[in-house]
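Adding 15 to a residue's 1-based position in the sequence shown gives its number in the numbering used here. The C-beta atom is built at its ideal place from N, Cα and C for all residues, glycine as well. Since the model is a prediction, treat every value here as computed from it, not as a measurement. These notes are about the structure you will find just below.
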Amino acid sequence: MVQAPGGRAAGKRKRASTSDVTAAAEGTSARERILAAAGELFAEHGFDATPTSRIAERAEVPKGLIHYYFRRKQDLLTALVDRLPEEDVESDRVAVRGDVAGSLRRLVRELDARLEASPLLSHLLWREADTHVVVRQAMQRRFRAVVEQIRRVIELALPPGPVSCDIDAAALLLARVVNHRHSLARHGSHDDELDREIGFIARALELGAGPPRKIKPA
Numbered sequence: 016m017v018q019a020p021g022g023r024a025a026g027k028r029k030r031a032s033t034s035d036v037t038a039a040a041e042g043t044s045a046r047e048r049i050l051a052a053a054g055e056l057f058a059e060h061g062f063d064a065t066p067t068s069r070i071a072e073r074a075e076v077p078k079g080l081i082h083y084y085f086r087r088k089q090d091l092l093t094a095l096v097d098r099l100p101e102e103d104v105e106s107d108r109v110a111v112r113g114d115v116a117g118s119l120r121r122l123v124r125e126l127d128a129r130l131e132a133s134p135l136l137s138h139l140l141w142r143e144a145d146t147h148v149v150v151r152q153a154m155q156r157r158f159r160a161v162v163e164q165i166r167r168v169i170e171l172a173l174p175p176g177p178v179s180c181d182i183d184a185a186a187l188l189l190a191r192v193v194n195h196r197h198s199l200a201r202h203g204s205h206d207d208e209l210d211r212e213i214g215f216i217a218r219a220l221e222l223g224a225g226p227p228r229k230i231k232p233a
């Protein structure tokens, strides 16, 4: 039987393609195991106290494979920060016109839920923010995002009419309170004063919004 021209080469190409797909799948799995192990160990012991050999042991991969995917140990931290979930909350879903305090409480509950859904966030980011610039930058981005979300919710929840209150200052103040509270979450601390602080901020905002109020003579 005469073999079609290029038949053998085509067969080789097919086998090589299948092999490449298998190798890529194995590589993806190994990379995911490395990142998962690094995240757990960094959260448990800190970045500096975790050698790559321990990461390789927990991920069940050769140590050299870590350096194949991540040239430096710092690159592991960068990859973990990039994988963290976004903090975005739909403002329309939590804001109710005329109910600033309730709207802000619902927003904070949503932010708390995202923190609880990502233990890596509470253990890794705040633990490493002081010593690693990539983590500090991620924290700053998240803080700015929370400020903006609070500001949007306040604008949607304030009663209609002219606004003389400082919404930006109120959003910044509450974002700092939430940020501090989240930074203590890894220690099991809870800020029971948050509800009172939200109420105080909401009352101050409502006094500076809406139609002018008539002042009764003394």
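Within 9 Å, strictly: CB atoms of residue i and residue j
i: A94; j: L140; result: no
i: V104; j: R129; result: yes
i: E221; j: P174; result: yes
i: V123; j: I213; result: yes
i: R48; j: V76; result: yes
i: L15; j: A53; result: Residue 15 falls outside the range modelled here, since the chain spans only 16 to 233, and no answer is possible.
i: A172; j: G113; result: yes
i: R121; j: D210; result: no
Span separating the alpha-carbon of residue i from that of residue j
i: D166; j: V148; result: Here the sequence assigns Arg to residue 166, which means Asp is not the residue at that position. Roughly 27 Å between the two C-alpha positions.
i: P232; j: G223; result: Any answer about P232 is weak, because its pLDDT of 46 lies below 50 and its placement is not dependable; what the coordinates show is given next. About 20 Å.
i: E59; j: H138; result: 8 Å
i: A116; j: R157; result: 22 Å
i: T37; j: D145; result: Caution applies to T37, whose pLDDT of 39 falls short of 50 and renders its modelled position unreliable; the value that the coordinates give is listed next. Going by the C-alpha atoms only, they are around 41 Å apart.
i: F215; j: L188; result: 11 Å
i: N55; j: T67; result: Checking the sequence, you will find Glu at residue 55 rather than Asn. The straight-line gap from Cα to Cα measures roughly 13 Å.
i: R11; j: E125; result: No information on residue 11 is available, as it lies outside the stretch 16 to 233 that the chain covers here.
i: A40; j: R46; result: Residue placement at A40 is poorly supported in this model, since its pLDDT is 39, which falls under 50; the coordinates are not used for a value here.
i: E143; j: I70; result: 17 Å
i: E163; j: L199; result: 22 Å
i: A153; j: S133; result: 15 Å
i: V161; j: A190; result: 6 Å
i: A184; j: A219; result: 11 Å
i: R86; j: F62; result: 16 Å
Start-to-end residues for the alpha helix (DSSP H) that takes in residue i
i: R159; result: V148 to A172
i: H138; result: Careful: H138 lies outside any alpha helix (DSSP H) and carries neither H nor E.
i: A71; result: T67 to A74
i: R120; result: V115 to A132
i: V109; result: S106 to V109
i: L199; result: Neither: L199 is in no alpha helix (DSSP H) and is coded neither H nor E.
i: D97; result: K88 to D97
i: G79; result: K78 to Y84
Test: residue i CB closer than 9 Å to a CB of chain B
i: L122; result: The structure shown contains no chain B; it is built from a single protein chain.
| Counting pairs of Cβ atoms below 8 Å between the region 159-178 and the region 104-123, do you hit three or more? | yes
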